[in-house]
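Here the sequence shown is numbered in full-length UniProt numbering, starting from 1 and rising by one per residue. For reference, the structure discussed in these notes is given below.
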Amino acid sequence: MSVIPRILKLDAGGLPVEWVDWREAVSLYFTDKIAWEAGTEKILLRGGRSRDTGIRSELSIDSIIAVRDRSHRFARNLVPTLTRRELFHRDGGLCMYCGTHLSFSQMQIEHVVPRSKGGEHAWRNVVSTCEPCNRYKDDRTPEQAGMKLLALPYEPNLAEWLILANRRILADQQAFLERLAPRRVRVAS
Ligand SMILES: [Zn+2]
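Structural data, given as structure tokens:
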């Protein structure tokens with residue numbers, strides 16, 4: 001059952017809240033919490049056969065569902081959690097100094113302004129790097145180390161974070177979230 005895509009949950013205002021797995025989506029359907037459906041894809045779940053009728057139960061769930069409560073999570077502009085995996089995807093799996101393709105296990109988290117110099121552990125101050133670049137840069141700023149960032153670190157909004165957080169995102173879910181993501185030009189000056 002692990003191949004079933006995750007469902008994008010919206011609040012009653014139509015703004016994204018979170019990914020839910022199919023079990024949670026099913027329970028929202030059965031408890032009548034769904035206000036409307038907004039996806040173009042349907043996920044067909046097949047249950048067991050009825051002992052009486054021999055008919056197999058089926059439920060079609062939508063790829064994007066809006067629930068009745070308002071979460072205001074998106075509107076409140078909450079900063080999404082900084083996690084290693086989402087950072088790796090934000091930076092395209094590249095070392096932000098030398099451009100080497102990294103595997104997830106090779107990737108290191110680098111503080112652009114070192115923590116010892118007051119740099120924060122926050123989206124705008126961290127990038128993915130390879131081990132040699134991280135070691136070479138050490139406890140210096142990029143200027144001090146004579147290194148240039150390939151792209152500027154940014155703080156994703158919730159829509160971008162939801163895109164980064166789901167590697168098996170469906171096309172309609174991606175399109176929905178992209179409309180809420182700011183256009184970014186990621187070229188370091
Ligand atoms: Zn590197």
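In this text, a Cβ means the ideal position worked out from N, Cα and C, and glycines have one as well. In this text the structure is predicted, and so the values were computed from the model without any measurement.
* To do: Starting from the Cα of I64, find the closest Cα among G92, L87, L82, Y29 and give me that residue.
  => Taking the sequence shown and counting its residues from 1, one reaches residue 64 at position 64. The option with the nearest alpha carbon to I64 is Y29.
* To do: Less than 8 angstroms between the CB atoms is what I'm expecting for M96 and T129, so what's the real figure, rounded?
  => As a position in the sequence shown, residue 96 is number 96, starting the count at 1. As a position in the sequence shown, residue 129 is number 129, starting the count at 1. Right, the Cβ-Cβ distance comes to about 6 angstroms (below 8 angstroms), so this counts as a contact.
* Classification of W123 by the beta-carbon crowding that lies within 10 angstroms, buried from 16 upward -> Here residue 123 refers to the residue found at position 123 of the sequence shown. Buried, by the Cβ-count rule.
* Asked: Going by the C-beta, is Y29 closer than 7 angstroms to any heavy atom of ligand 1?
  -> In the sequence shown, the residue the question calls residue 29 occupies position 29. Y29 Cβ: outside cutoff for every heavy atom of ligand 1.
* Sequence ranges, alpha helix (DSSP H) only - wholly within the region 125 to 157, length at least 4 -> 131 to 137, 142 to 145
* For V3, the nearest candidate out of L44, H72, R90 (CA to CA) -> Numbered from its first residue, the sequence shown carries residue 3 at position 3. Among L44, H72, R90, the Cα nearest to that of V3 belongs to L44.
* Range of the contiguous beta strand (DSSP E) that encloses V3 -> Counted from its first residue, the sequence shown places residue 3 at position 3. It is not in any beta strand (DSSP E) - V3 carries neither H nor E in the DSSP assignment.
* To do: Determine, using beta carbons only, whether I163 and A181 come nearer to each other than 8 angstroms.
  => As a position in the sequence shown, residue 163 is number 163, starting the count at 1. As a position in the sequence shown, residue 181 is number 181, starting the count at 1. Yes; because the gap between Cβ atoms is below 8 angstroms, this pair is in contact.
* Could you tell me whether the region 133 to 149 touches the region 75 to 83, where touching means 3 or more Cβ pairs closer than 8 angstroms? => no
* Assigned secondary structure, S57 (DSSP; H/G/I helix, E/B strand, else coil) -> Within the sequence shown, the letter at position 57 stands for residue 57. Note: S57 maps to strand in three-state DSSP.
* Leaving out the 5 sequence neighbours to the left and right, which residues in its chain are closer than 6 angstroms to F104 when beta-carbon positions are compared? -> Taking the sequence shown and counting its residues from 1, the one referred to as residue 104 is at position 104. F88, listed in sequence order.
* Asked: Pick from W19, V127, I109, E143: whose alpha carbon is nearest that of N166?
  -> Here residue 166 corresponds to residue number 166 of the sequence shown, with the count starting at 1. Measuring from the Cα of N166, the nearest candidate turns out to be W19.
* Pick out whichever of A151, A175, Q173 has its Cα sitting closest to the Cα of R184. => Position 184 of the sequence shown holds residue 184. Comparing Cα positions, the closest option is A151.
* Can you name the start and end residues of the beta strand (DSSP E) that E37 belongs to? -> The residue given as residue 37 occupies position 37 in the sequence shown. Start and end: 34 to 37.
* Proximity test, Y97 beta-carbon vs ligand 1 heavy atom, cut-off 7 angstroms -> Translated into the one-based positions of the sequence shown, residue 97 becomes position 97. Yes, ligand 1 has a heavy atom inside 7 angstroms of this Cβ.
* Hey, V67 and A12: beta-carbon distance below 8 angstroms or not? -> Translated into positions along the sequence shown, residue 67 becomes position 67. Translated into positions along the sequence shown, residue 12 becomes position 12. Yes, Cβ-Cβ distance for V67 and A12 is below 8 angstroms.
* Alpha carbon of W161 to alpha carbon of H121, nearest angstrom -> The residue labelled residue 161 in the question sits at position 161 within the sequence shown. The residue labelled residue 121 in the question sits at position 121 within the sequence shown. About 17 angstroms.
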